[in-house]
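**Student:**
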Amino acid sequence: MATILTPSADNVKRAADALLRGELVGMPTETVYGLAANAFDAAAVARIFAAKDRPSFDPLIVHVVRPAGPLEREVLSGLEDQGVVEVSRLPQLARERADVLLRRFWPGPLTLALPRGRMIPDLVTSGLDTVAIRMPSHPVAQALLKSAAIPLAAPSANRFGRISPTTAAHVVAELGDRIGIVLDGGASTVGVESTVVAIASDGTLTLLRPGGVSVEAIEATASVRLARAPVTTAPGVPAASPGTSAVHYAPRTPLHLLPGPDALPRAASCVGLIGVFASPAAVAEVTEEVRRRYGVPVVVRALTECGDLEEAARNLFTSLRELDAGDVSVILAAPPGGNEGLALAIADRLRRASR
Ligand code: TXA
Ligand code: MG
Numbered sequence: 038m039a040t041i042l043t044p045s046a047d048n049v050k051r052a053a054d055a056l057l058r059g060e061l062v063g064m065p066t067e068t069v070y071g072l073a074a075n076a077f078d079a080a081a082v083a084r085i086f087a088a089k090d091r092p093s094f095d096p097l098i099v100h101v102v103r104p105a106g107p108l109e110r111e112v113l114s115g116l117e118d119q120g121v122v123e124v125s126r127l128p129q130l131a132r133e134r135a136d137v138l139l140r141r142f143w144p145g146p147l148t149l150a151l152p153r154g155r156m157i158p159d160l161v162t163s164g165l166d167t168v169a170i171r172m173p174s175h176p177v178a179q180a181l182l183k184s185a186a187i188p189l190a191a192p193s194a195n196r197f198g199r200i201s202p203t204t205a206a207h208v209v210a211e212l213g214d215r216i217g218i219v220l221d222g223g224a225s226t227v228g229v230e231s232t233v234v235a236i237a238s239d240g241t242l243t244l245l246r247p248g249g250v251s252v253e254a255i256e257a258t259a260s261v262r263l264a265r266a267p268v269t270t271a272p273g274v275p276a277a278s279p280g281t282s283a284v285h286y287a288p289r290t291p292l293h294l295l296p297g298p299d300a301l302p303r304a305a306s307c308v309g310l311i312g313v314f315a316s317p318a319a320v321a322e323v324t325e326e327v328r329r330r331y332g333v334p335v336v337v338r339a340l341t342e343c344g345d346l347e348e349a350a351r352n353l354f355t356s357l358r359e360l361d362a363g364d365v366s367v368i369l370a371a372p373p374g375g376n377e378g379l380a381l382a383i384a385d386r387l388r389r390a391s392r
């Protein structure tokens, strides 16, 4: 069974040594917990796919350390020198847009897909010409990256297609029998994964996955609109971001977006209600509506009772996990209205948890 370690200097060193030996480590980040391996070591990266039961067409994000000095242009040059990216292949406009975004949002929940460097194995990118890069802000992730002094490939530390972990205990519940160490960095403060953006040679920015940084903030910083990648593609057509499959984050309990099905399965005696609410009165009103409609008790997990989207994002995966572990036979979800701020990411995760 995996050991949960407090992030003391000794334990961070122990985790870094494990990574350098090619082992996997559960790593806290501000978005969700990651399952980390040496991004330069194809055999170690293969262990990630095996531990997660993850198909090899779904590429990984490479996490990089924050340099000691200010975040100037040197970040990308430094990553190019290490063979992580090859941004010199990008024309000036595209390169400048990457610089502006990383200066504003790194370290933090933004991932950029950039031309791939020579040291990154095929398995990390699923053979794509680009590599997804992120500089996490979590101090324990940064300490680990610094101690290991290698970039770390890390998907979310859940079994493939299941709910992302936001605590060390969640990682043990998902992968405890398959990994040795989880560093405990407390509950993730953002609670949804990073926003993934691709930068094309002509400077076009495409949103591949909504996440912890809002579309408005990215558009305001880059002074350009984000193009949208289709969420699903026709069979045989490669997806812009292979991991954006329609079903993901799936609880074991069936989840439906409200208004929900006409009738419940015959055995259903209790319904779970999860969602974003504007006020305690709104929680009571929707709960009563669901109770009246189906005539069964309702267990409520309000992600927020006051329309606070950051609070809702922070609670999302833990609340889904709790409902999934409880006695409810159906989960109904009330996604946030609108597309502002974190609403897009929360609605995206609830939609992909639904069936
Ligand atoms: O917040 C996060 O991003 C977390 C933490 C651990 O950093 N990581 C995470 O990784 O969510 P994962 O593997 O669950 O999701 C990675 C996403 C997938 O949708 C994948 O398709 C996309 O990033 N991706 C990775 N490399 C890509 C690339 N070169 N081009 C396009 N999409 C890419
Ligand atoms: Mg994931």
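Using my numbering, you'd call the opening residue of the sequence shown number 38 and step up by one each time. Glycine is no exception: its CB is placed at the ideal position from the N, C-alpha and C atoms.
Between which two residues does the alpha helix (DSSP H) holding L263 run?
**Tutor:** Where L263 is concerned, there is no enclosing alpha helix (DSSP H), given that its DSSP letter is neither H nor E.
**Student:** So I218 is in the beta strand (DSSP E); what residue range does that whole segment cover?
**Tutor:** Start and end: I218 to L220.
**Student:** Roughly how many angstroms lie between the CA atoms of L113 and R171, to the nearest whole one?
**Tutor:** About 12 Å.
**Student:** Report whether the distance from the Cβ of E230 to the nearest heavy atom of the ligand MG is below 7 Å.
**Tutor:** It does: the Cβ of E230 is within 7 Å (strictly closer) of some heavy atom of the ligand MG.
**Student:** Tell me, please, which residues DSSP counts as bridged to L245.
**Tutor:** DSSP lists no partner for L245.
**Student:** Starting from T355, follow the alpha helix (DSSP H) in both directions and report where the run begins and ends.
**Tutor:** First-last of the alpha helix (DSSP H) with T355: L346 to A362.
**Student:** Quick check on the burial criterion: 16 or more other C-beta atoms within 10 angstroms. Buried or exposed for T94?
**Tutor:** One detail in the question is off: residue 94 reads as Phe in this sequence, not Thr. Its Cβ having fewer than 16 others within 10 Å, F94 is exposed.
**Student:** From which residue to which residue does the alpha helix (DSSP H) around V102 run?
**Tutor:** Careful: V102 lies outside any alpha helix (DSSP H) and carries neither H nor E.
**Student:** What's the call for K89, buried or exposed, on a 16-neighbour Cβ count within 10 Å?
**Tutor:** When all chains shown are included, K89 counts as buried.
**Student:** Smallest Cα separation from V161: which of H175, L381, G213 and L189?
**Tutor:** Of the candidates H175, L381, G213 and L189, the one whose C-alpha sits nearest the C-alpha of V161 is L189.
**Student:** Cβ-heavy atom distance between V313 and the ligand TXA below 7 Å?
**Tutor:** Because no heavy atom of the ligand TXA lies under 7 Å away, the Cβ of V313 does not count as near it: no.
**Student:** Does the beta-carbon distance from V367 to H285 come in below 8 Å?
**Tutor:** No, Cβ-Cβ distance for V367 and H285 is not below 8 Å.
**Student:** Given I98, which residues of its chain have a CB within under 6 Å of its CB, disregarding the five upstream and five downstream residues?
**Tutor:** Taken in chain order, the residues that qualify are T148, A169 and R171.
**Student:** Would you mind working out which of V208, L360 and E325 sits nearest I38, comparing C-alpha positions?
**Tutor:** Note on residue identity: the sequence assigns Met, not Ile, to residue 38. Nearest option by C-alpha distance: V208.
**Student:** Could you tell me whether the Cβ atoms of G7 and A266 are closer together than 8 Å?
**Tutor:** Residue numbering for the chain in the displayed model covers 38 to 392; residue 7 lies beyond these limits and cannot be assessed.
**Student:** Mind reading off the beta-carbon distance from A350 to I383? Whole number of angstroms is fine, and I expect it under 8 Å.
**Tutor:** Contact flag correct, Cβ pair sits at about 6 Å.
**Student:** Round the Cβ separation of S193 and V69 to the nearest angstrom and send it over; I've been treating them as touching at under 8 Å.
**Tutor:** At roughly 5 Å, the Cβ-Cβ gap stays under 8 Å, so S193 and V69 are in contact.
**Student:** How about S201: is its Cβ closer than 7 Å to a heavy atom in the ligand MG?
**Tutor:** Checking every heavy atom of the ligand MG against the Cβ of S201, one is found closer than 7 Å.
**Student:** Determine the contact status of F142 and V261, defining contact as a CB-CB distance below 8 Å.
**Tutor:** Their beta carbons are not under 8 Å apart, which means F142 does not touch V261 by this criterion.
**Student:** Tell me whether H100 is buried or exposed, calling it buried when 16 or more other Cβ atoms sit within 10 Å of its Cβ.
**Tutor:** Buried, by the Cβ-count rule.
**Student:** Does the region 340-347 come within contact of the region 312-325, defined as at least 3 CB pairs closer than 8 Å?
**Tutor:** Short answer: they touch.
**Student:** How far does the beta strand (DSSP E) with A150 in it extend, from its first residue to its last?
**Tutor:** Counting along the chain, the beta strand (DSSP E) containing A150 begins and ends at L147 to P152.
**Student:** Using a threshold of 8 Å, state whether the C-beta atoms of G63 and A81 are closer than that.
**Tutor:** The answer is no: Cβ separation not under 8 Å.
**Student:** Are there 16 or more other CB atoms within 10 angstroms of the CB of D118, so buried, or fewer, so exposed?
**Tutor:** Looking at its Cβ environment, which holds fewer than 16 other Cβ atoms inside 10 Å, D118 is exposed.
**Student:** Quick test of your reading: R155 and G120, contact by CB under 8 Å. State the CB separation rounded to the nearest angstrom.
**Tutor:** With 8 Å as the limit, R155 and G120 qualify as a contact, their Cβ atoms being about 5 Å apart.
**Student:** May I ask you to report which of helix, strand or coil DSSP gives L165?
**Tutor:** Correct three-state label for L165: coil.
**Student:** For P372, which residues in the same chain have their Cβ closer than 6 Å to its Cβ, ignoring the five residues on either side in sequence?
**Tutor:** A384 and L387.
**Student:** Tell me whether N352 is buried or exposed, calling it buried when 16 or more other Cβ atoms sit within 10 Å of its Cβ.
**Tutor:** It counts as buried.
**Student:** Would you mind reading off the limits of the beta strand (DSSP E) that contains V337?
**Tutor:** Start and end: V335 to T341.
**Student:** Residue range of the alpha helix (DSSP H) that T66 falls in?
**Tutor:** No alpha helix (DSSP H) holds T66; DSSP gives it neither H nor E.
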